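Residue numbers (our numbering): 127 to 204.
Backbone N, C-alpha and C define an ideal beta-carbon position, used for all residues, glycine too.
This one's a predicted model, so the numbers in the text were calculated from it and none came from an experiment.
Worksheet: the structure to be examined is printed underneath.
See the structure below:
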């Protein structure tokens, strides 16, 4: 592969394909780390949403049980 340096030292140009190639390995590694952190945060957020949904379901079930108990108590009073 024959390449020439561009004005920006982070890039070279492939003379055969005319492709602009980024040679800044540090920037690439930083990008990969940042992307990995974003993926981890998205997974944590999704897990949190699942937990909130589970808690809401439990709350609704408790309210339903409370209502049924209230009905039983009301029938006993009659």
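Asked                                                                                        : Found
Top-ranked residue by Cα proximity to residue 147, from 138, 155, 164 and 179                : 138
For residue 141, the three-state DSSP class (helix, strand or coil)                          : coil
DSSP-derived helix/strand/coil call for residue 195                                          : helix
Residues bridged to residue 130 (per DSSP)                                                   : 139
Reduced DSSP category for residue 146 - H, G, I as helix; E, B as strand; rest coil          : strand
Nearest-angstrom Cβ-Cβ length linking residue 141 and residue 152, presumed shorter than 8 Å : In fact, because the Cβ distance is near 25 Å, the residues do not count as touching under 8 Å.
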